[in-house]
Every structure is written in C-alpha cells, then in structure tokens.
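Visitor: Per the UniProt record's numbering, residue 1 is the first one in the sequence shown, and the count goes up by one each step.
All C-beta atoms in this analysis are idealised placements derived from N, C-alpha and C, irrespective of residue type, glycine included.
These figures come from a predicted structure and were not determined experimentally.
Got a structure for you, questions after.
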Amino acid sequence: MHTESPLTPSQIEEKIQNAIIALQLKEFKSIRKAAEYFEVPKSTLIARVAGRKSRTQSHEMAQILSNAEENTLVRWISRLTITGFPATPMLVKEMADEIRLRRVQVASSRIPTSTEILPIGHEWIYRFQKNDIPNLKTCYSRQLESNRAKEATPENIQAWFDAFRTRLIERKYELDDMYNMDETGFGVGTTQSTRIIVDSTQESNWKVTAGKQEWITAFECVNAAGKALSPMVIFKAQNTNSAWIPKDTPQSWQFSTSTNGWTSNSHGLEWLKRELSPDGTELRQANQTFNKALADNDSLASPTRRYAKRMTRLVESQNAEIALLRKQLADAQEVIETRKKRTKGKRVKLQGQFVFSSEEVLKMVREAEEKPKEKKPRGRPRKRPIEELEEETEEEEPDSSSSDLELELDECVARRTRSHREN
C-alpha cells in the first residue's frame, strides 16, 4: 500500500543530493546502505547516480520560468517581505512576465510583442506557490504606519514590560485598577487588508503605509478583571454628523471630532470623565482615607487639619449639588427632545408661569396630555341662512327748511335791536 511521504519534494531532493555526495566521497560502500541512512528510495538513488535528472529538472523545459528564474523571483519576494512592502499575486505575475520578456530580448536583441508570448494563466501562481516553492505562503496583510513599524523592536517591547513589572510590584495594584487602553485607526478610502504572497520564514506580514491619509481613531480599553469600557470614536470634522453613526450603535458609545481625526489630551480627558468618573461612595471613602491619614500625621498643625476637613466636606457637597443639577438638566432635555420629535398631538403652553424644576415641567406636560381636547365638527362648515328683512319705508317729512330759516333771521334781528337800545 502506497503512503504519501510527509516530506516536501524539495526536502526529498535535498536528501538525495546528500546521499549522492556521500557516495562520491566513498562514505558508504553500497547504494543500499546510503539509501537506508538518508531514508530515500533505493531505486531513485540508483537512477540518479546513473545520471537521470530529477523531476524538477526534467520538467524545467515545460515550465514558464526556469529553476534559476524561479529562485530569483523567490529572493525578490523575500526582500519585499522584509522591507514591509509585500508582493500581491498580481504583482508576482507581472514580474514573471517581465522576466520572460527580458529573456527573449537578451536572446534576440529585440523587444518582443505581446502576441508572441502567451500570457500566464490564472492557476500558475498557485502551482508556483504550492509545488515549486514551499517556503511561500498566501495570507492577508494589515497596514502599519512606518513610525510604528520602526519602533516596534524586541528591545523596546522588553523594556516596556520591565518597567511595567517594576511599577506593578511597587504600587501593588488590584486587577480592577489595571486597564489596558489602545488606540486604533481606520484609514478612510484605503484597503485595510490585502491578499499577499510572503516568505513563510519571515515573522512579519505588515504592510507599511506613509501615514498621510485620513483616519478615524477609536479608543478601546479593558481592565485585568475582564471589564470592557465603552469606546470613543473620533472623526475628522468640525461637528459630528448623525448619518455617520449606524442605527444599531450602543447608546454608551461616545463620538467626537478633531481637525485631523487623531486623538488629543482633551479627547482622552472627556472619555475618562465619562467612563471612569468616581461616584459618591468612592469620593466619601477617599475623603475618609484622606482625613484619617491627616489625623495619623502628627507633624501637621491643627489649622491645616481643619482646612483639609472643610475642603473634603465642600467637595462632597459640591458633588451632590452637581448630581442634582445634572439630573434636572437631563429631565429637561428629555422633555425638549420629546416635544421636538412629536409632529402631532397637543402642545403645552407655559404662559405666565416660572418653572424652577424639571418635575413641575413634567407635571404640567402630563396634565396637558390628560386634559380632553375639544372636538371640531367634521365636514365642511354650512353656510348661514340669509334672513329676509322687511324694508322699512321712511315717511316723508314736510319741507320746513324755509320756515325755520325765517324764524332764525327774526331772532337775530331782535337781538341786535335790543343791544343797540341798551347802548
């Protein structure tokens, strides 16, 4: 029963070559002993000693590239992997075509046309990787900025871990107080992962980028106890556009903007205040610990202790006041947002009243909602009937204008005569 060998063709060929060299140096008296020592088939070793070519050499004329050309191409792929610019399958095929064109040009001293040489098939790259060159592998790369690629050395990483271990022993940190925060960037308009061909003996598969592109930065943080904090996403803009945020995004996520899409101290402080803000219990415990430490220290004067206690009480009262104001502000904002989103229904009018708390606003809203609304009559309004009015006939009055004028003239003459007599 035939069983496949776990060795690759290149490894088998290497053992055969070592056996041939050992026979030429007369280290073994017979081919059988050499075949048993190097674990190769006896018939294959006899044929190779007699001058038969290997399978790779016999098929070399049928290959697109010769063995020497393939080895040169492999060395070129290894150099690209080391420099951080790995080759893609399309680029490898282009370089293979270039080797073939230059081969014809050297032989005939002319540049051949594209019709004279058949193009390389789609399956050649897979055969080249699998059968001919076992050290090559196909994977997907991740982008890494050049500055980070240069500084991520084993020496720098080991120095960081040494400093971290020293500080951990000195401070005696708890697991809940140990956080690992990382910044990750997403390149806008660029491919994050690319299918590449690299040398399997190299450890890094990073693709180095110039770092001069638009980025979206995100904060990610988790502590040693396994608790993950909500991230913050920073866009390159003046204001955050709601269209950039997916609808199924958790409400606890934070979104912010910057001029270049990078993080800054203000963004970190904003994120820490929201995610790691101490509550009242922690503040009270911290004040108790602080006051106890002051009481145990005999070198401090009494006025200093009194001032410290007064400041701790002031901090606690201010924190409680801020908590109340924050709650009232949140309730008021909830009412405003609810009224903005509602397109139909009743409207609340706050006329002539001064509202000092959000509870009063919510109470008035509920009362207005519960109050029944007057129903308007349906349909078109009917026209009012026109009442028929009887025309009133005015009686003709006798024309007495001339007689009245005569009486007025007589009275005027009488008054003048009386005035002349008195004079």
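State the DSSP-derived secondary structure class of Lys-172, mapped to helix, strand or coil.
Guide: Locating residue 172 in the sequence shown gives position 172, counting from the first residue. Reduced to three states, the DSSP call for Lys-172 is coil.
Visitor: What is the DSSP secondary structure of Leu-294, counted as helix, strand or coil?
Guide: Along the sequence shown, one-based indexing puts residue 294 at 294. If DSSP states are grouped into helix, strand and coil, Leu-294 belongs with the helices.
Visitor: Please tell me whether Trp-271 and Phe-219 are closer than 8 Å, where the distance is taken between their beta carbons.
Guide: Here residue 271 corresponds to residue number 271 of the sequence shown, with the count starting at 1. Here residue 219 corresponds to residue number 219 of the sequence shown, with the count starting at 1. Yes, the pair counts as a contact, with Cβ atoms nearer than the cut-off.
Visitor: Identify the residues that DSSP records as bridge partners of Thr-257: which are they?
Guide: Within the sequence shown, the letter at position 257 stands for residue 257. DSSP output for Thr-257 lists Phe-235 as bridge partner(s).
Visitor: Does Asn-223 come out as helix, strand or coil in the three-state DSSP assignment?
Guide: Taking the sequence shown and counting its residues from 1, one reaches residue 223 at position 223. Here Asn-223 sits in strand by DSSP.
Visitor: Comparing C-alpha positions only, which one of Ile-77, Pro-246, Ser-230, Lys-53 sits nearest to Ala-96?
Guide: Translated into the one-based positions of the sequence shown, residue 96 becomes position 96. Of the listed residues, the one whose Cα sits closest to Ala-96 is Ile-77.
Visitor: Only counting the same chain, and skipping five residues up and downstream in sequence, which positions put a Cβ closer than 7 Å to that of Lys-42?
Guide: As a position in the sequence shown, residue 42 is number 42, starting the count at 1. Answer for Lys-42: Ile-31, Arg-32, Ala-35, listed in chain order.
Visitor: For Ala-87, report the span of its alpha helix (DSSP H) as first-last.
Guide: Numbered from 1 along the sequence shown, position 87 holds the residue referred to as residue 87. Run containing Ala-87: none; DSSP gives neither H nor E here.
Visitor: I need the DSSP call for Ile-82, collapsed to helix, strand or coil.
Guide: Here residue 82 is taken as the residue at index 82 of the sequence shown, counted from 1. Ile-82 falls in the helix class under three-state DSSP.
Visitor: Shortest alpha-carbon distance to Lys-53 belongs to which of Ile-64, Val-40, Arg-79, Ile-16?
Guide: Your numbering for residue 53 matches position 53 in the sequence shown. Nearest C-alpha to Lys-53: Ile-16.
Visitor: Give me the Cα-Cα distance between Arg-171 and Phe-161, rounded to the nearest whole angstrom.
Guide: To locate residue 171, count along the sequence shown from 1; it is residue 171. To locate residue 161, count along the sequence shown from 1; it is residue 161. Computed Cα separation, rounded: 15 Å.
Visitor: By Cβ distance below 6 Å, which residues in the same chain neighbour Tyr-179 in space, the five residues on each side in sequence not counted?
Guide: As a working mapping, residue 179 is identified with position 179 in the sequence shown. Answer for Tyr-179: Cys-221, Asn-223, listed in chain order.
Visitor: Measure from the alpha carbon of Met-311 to the alpha carbon of each residue in Gly-185, Arg-165, Arg-339, Phe-290, then state which is nearest.
Guide: Indexing the sequence shown from 1 puts residue 311 at position 311. Closest option to Met-311, Cα to Cα, is Phe-290.
Visitor: According to DSSP, Met-181 sits in a beta bridge with which residue or residues?
Guide: In the sequence shown, residue 181 corresponds to position 181, counting from 1. Cys-221.
Visitor: Leaving aside the five residues before and after Lys-93 along the sequence, list all residues of the same chain whose C-beta is less than 8 Å from its C-beta, in chain order.
Guide: As a working note, residue 93 is residue 93 in the sequence shown. Same-chain partners within the cutoff: Ile-120, Trp-124, Ile-125.
Visitor: What residue does the alpha helix (DSSP H) around Pro-303 start on, and which one ends it?
Guide: Counted from its first residue, the sequence shown places residue 303 at position 303. It spans 302 to 341 - the alpha helix (DSSP H) in which Pro-303 sits, taken as one unbroken run.
Visitor: In the DSSP assignment, find the alpha helix (DSSP H) that holds Glu-275 and state where it starts and stops.
Guide: The residue labelled residue 275 in the question sits at position 275 within the sequence shown. Its alpha helix (DSSP H) spans residues 265 to 275.
Visitor: Distance, Cα to Cα, Val-315 vs Asn-287?
Guide: Indexing the sequence shown from 1 puts residue 315 at position 315. Indexing the sequence shown from 1 puts residue 287 at position 287. Straight-line Cα distance between these residues: approximately 9 Å.
Visitor: Rounding to the nearest angstrom, what Cα-Cα distance links Glu-70 and Ile-21 in this structure?
Guide: Against the sequence shown, residue 70 aligns to sequence position 70. Against the sequence shown, residue 21 aligns to sequence position 21. Glu-70 and Ile-21: Cα-Cα distance of roughly 25 Å.
Visitor: Output needed for Gln-129: all residues of its chain with C-beta closer than 6 Å, excluding positions within five of it in sequence on either side, in chain order.
Guide: The residue given as residue 129 occupies position 129 in the sequence shown. The answer, listed in chain order, is Leu-136.
Visitor: Residues in its own chain within less than 6 Å of Thr-184 by CB, not counting five upstream and five downstream?
Guide: Here the question's residue 184 lines up with position 184 in the sequence shown. Contacts found: Ala-218.
Visitor: Under the rule that 16 or more other beta-carbon atoms within 10 Å means buried, what is Pro-154, buried or exposed?
Guide: For the purposes of this step, residue 154 is taken as the residue at position 154 of the sequence shown. The residue in question, Pro-154, is exposed, as its Cβ has fewer than 16 Cβ neighbours within 10 Å.
Visitor: Please classify Met-232: is it buried, with 16 or more other beta-carbons within 10 angstroms of its beta-carbon, or exposed?
Guide: Residue 232 sits at position 232 when you count from the first residue of the sequence shown. Buried.
Visitor: Could you have a look at Ala-152 and say whether DSSP puts it in helix, strand or coil?
Guide: Your numbering for residue 152 matches position 152 in the sequence shown. Correct three-state label for Ala-152: coil.
Visitor: CB-CB under 7 Å to Ala-19, same chain, minus the five flanking residues each way: which ones, in chain order?
Guide: In the sequence shown, counting from the first residue as 1, residue 19 sits at position 19. Excluding positions up to five away in sequence, the list reads Ala-34, Ala-35, Phe-38, Val-40, Leu-45.
Visitor: If you follow the alpha helix (DSSP H) that Arg-52 is part of, which residue opens it and which one closes it?
Guide: Stepping through the sequence shown from its first residue, residue 52 is reached at position 52. Premise fails: Arg-52 is in no alpha helix (DSSP H) and is neither H nor E.
Visitor: Roughly how many whole angstroms lie between the Cα atoms of Lys-247 and Ser-302?
Guide: Translated into positions along the sequence shown, residue 247 becomes position 247. Translated into positions along the sequence shown, residue 302 becomes position 302. One C-alpha to the other measures close to 58 Å.
Visitor: If contacts are defined as beta-carbon pairs under 8 Å, then Thr-257 and Ala-237 qualify, I think. What distance do you get, rounded to the angstrom?
Guide: Along the sequence shown, one-based indexing puts residue 257 at 257. Along the sequence shown, one-based indexing puts residue 237 at 237. Right, the Cβ-Cβ distance comes to about 5 Å (below 8 Å), so this counts as a contact.
Visitor: What's the C-alpha gap between Ser-266 and Ile-234?
Guide: By 1-based counting over the sequence shown, the position of residue 266 is 266. By 1-based counting over the sequence shown, the position of residue 234 is 234. Taking the straight line from one Cα to the other gives about 12 Å.
Visitor: Work out the CA separation of Lys-150 and Thr-83 for me, nearest whole Å.
Guide: Counting from 1 along the sequence shown, the entry for residue 83 is found at position 83. Counting from 1 along the sequence shown, the entry for residue 150 is found at position 150. Their backbone Cα atoms lie some 11 Å apart in a straight line.
Visitor: For Ile-336, which option in Leu-118, Leu-324, Val-49, Val-365 has the closest C-alpha, if you only look at C-alpha atoms?
Guide: Looking up residue 336 in the sequence shown gives position 336. Answer by Cα proximity: Val-365.
Visitor: With a Cβ-Cβ cutoff of 8 Å, do Asp-331 and Leu-362 count as a contact?
Guide: Along the sequence shown, read from residue 1 onward, the residue named residue 331 stands at position 331. Along the sequence shown, read from residue 1 onward, the residue named residue 362 stands at position 362. Yes, the pair counts as a contact, with Cβ atoms nearer than the cut-off.
Visitor: DSSP three-state call for Ile-21: helix, strand or coil?
Guide: By 1-based counting over the sequence shown, the position of residue 21 is 21. In this structure, Ile-21 counts as helix in the three-state DSSP scheme.
Visitor: Enumerate in chain order the residues of its own chain whose CB-to-CB distance from Ala-225 is below 7 Å, with the five nearest sequence positions on each side excluded.
Guide: Locating residue 225 in the sequence shown gives position 225, counting from the first residue. These residues qualify, in order along the chain: Leu-175, Asp-176.
Visitor: Since I believe Gly-261 is in contact with residue 450 (beta carbons under 8 Å), could you give me their beta-carbon distance rounded to a whole number of angstroms?
Guide: With the chain covering only 1 through 423, there is no way to say anything about residue 450.
Visitor: State the CB to CB distance for the pair Leu-118 and Ile-99, rounded to an integer number of angstroms; the pair is presumed to be in contact (CB under 8 Å).
Guide: Taking the first residue of the sequence shown as position 1, residue 118 is located at position 118. Taking the first residue of the sequence shown as position 1, residue 99 is located at position 99. Incorrect: roughly 14 Å between the Cβ atoms, too far for contact.
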